[in-house]
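Step one of this worksheet: look at the structure below.
In full-length UniProt numbering, the protein residues as written are 1 to 275.
As structure tokens, then:
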């Protein structure tokens with residue numbers, strides 16, 4: 001497990017491109033036949049990538065967690081960004097198609113990820129500490145709370161699916177969903193915003209190999225950017241704006257943890273205010 005420590009806004013202007021990427025970018029989320037994990041001190045979240053074969057991979061615990069099993073004191077949301085696969089949670093099998101989501105409640109002891117016949121499934125897991133038990137629940141692609149946002153004239157027409165949220169699949173603090181840009185649109189999450197009560201992480205996916213997303217971050221008067229490829233993730237501290245523009249349309253998993261679950265609890269940063 002890799003550890004990423006918290007960063008204050010005062011540190012950001014001192015970092016070069018390599019420093020920004022070391023602190024905030026997860027370049028190698030998925031490795032064939034492996035489980036990768038990154039522990040972030042931003043709200044104590046853990047970001048995991050699992051790329052199993054047909055024989056499957058178990059979700060391990062890690063020495064850094066000091067727990068008997070991974071979800072002993074945690075909950076997690078999982079989105080499959082690869083081919084169809086299954087997750088077996090304490091003996092119950094959940095089929096997860098591309099873009100589908102599974103919530104894993106606190107106390108789930110055994111979790112196994114398996115790829116289906118179509119090829120490699122790639123499971124993206126976002127975990128946070130939990131104070132209560134909620135039932136493990138699956139949501140099929142597109143069956144969350146669907147919101148149509150943006151406009152084609154501003155290149156940000158997008159479909160947002162809320163899966164784990166205060167009025168949907170219940171959790172302690174994880175909020176999670178998938179946003180898909182329409183063809184011809186490139187901007188996500190416009191206007192950019194912050195939410196001081198929650199951190200957020202993005203995983204960009206369904207992005208062609210020859211395309212990139214320019215992800216904006218930092219304080220609104222001191223912005224920086226990261227150039228990101230397909231299936232890379234970025235950690236966004238609560239003080240940082242987060243938005244991005246791609247050279248092609250794409251999807252992204254957004255996941256949050258922190259003080260509340262109110263999706264619209266955000267402070268917008270108009271594009272004309274960004275420096």
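Ideal placement from N, C-alpha and C gives every residue a C-beta, glycine not left out.
Check	Outcome
CB-CB under 7 Å to residue 248, same chain, minus the five flanking residues each way: which ones, in chain order?	207, 208, 211
One question on the structure: do residue 202 and residue 236 come within less than 8 Å of each other, judged by their Cβ atoms?	yes
Pick from 48, 81, 108, 53: whose alpha carbon is nearest that of residue 33?	53
What does the alpha-carbon distance come out to for the pair residue 239 and residue 117?	43 Å
Count the other CB atoms within 10 Å of the CB of residue 92; is the residue buried (16 or more) or exposed (fewer)?	exposed
Should residue 255 and residue 200 be called a contact, given that it needs their Cβ atoms to be closer than 8 Å?	yes
First and last residue of the alpha helix (DSSP H) that includes residue 24?	17-24
Check whether the segment 72-83 touches the segment 105-114, counting contact only when three or more Cβ pairs, one atom from each stretch, lie closer than 8 Å.	yes
Below 8 Å on the Cβ atoms is my guess for residue 178 versus residue 156; work out the distance and round it to an integer in Å.	Going by Cβ atoms, the distance from residue 178 to residue 156 rounds to 16 Å, so no, they are not a contact pair.
Does the segment 148-155 come into contact with the segment 50-68, if we say contact requires no fewer than three beta-carbon pairs (one atom in each stretch) closer than 8 Å?	no
If you run the structure through DSSP and keep just helix, strand and coil, what is residue 13?	helix
Buried or exposed for residue 10, please, with buried defined as at least 16 other CB atoms from any protein chain shown within 10 angstroms of its CB.	exposed
What is the DSSP secondary structure of residue 152, reduced to helix, strand or coil?	helix
According to DSSP, simplified to helix, strand and coil, what is residue 183?	coil
Kindly indicate which residue of 233, 227, 56, 151 has the alpha-carbon position closest to the one of residue 125.	233
Quick check on DSSP: helix, strand or coil for residue 3?	strand
Quick check for students: name the residue ranges of the beta strand (DSSP E) that lie wholly in the segment 80-127, counting only runs of 3 or more.	85-89, 92-96, 101-104, 111-115
Can you tell me which of 56, 171, 39, 90 puts its alpha carbon nearest to the alpha carbon of residue 119?	56
Flag this pair as touching only if the segment 75-87 and the segment 125-136 have three or more C-beta atom pairs under 8 Å; answer yes or no.	yes
Taking only heavy atoms of the ligand FMN into account, decide whether any of them is closer than 7 Å to the Cβ of residue 267.	Although the ligand FMN was asked about, the structure shown includes no ligands whatsoever.
Measuring alpha carbon to alpha carbon, tell me which of 35, 13, 44, 2 ends up nearest residue 25.	2
For residue 37, is the classification buried or exposed, using 16 other Cβ atoms within 10 angstroms of its Cβ as the cut-off for buried?	buried
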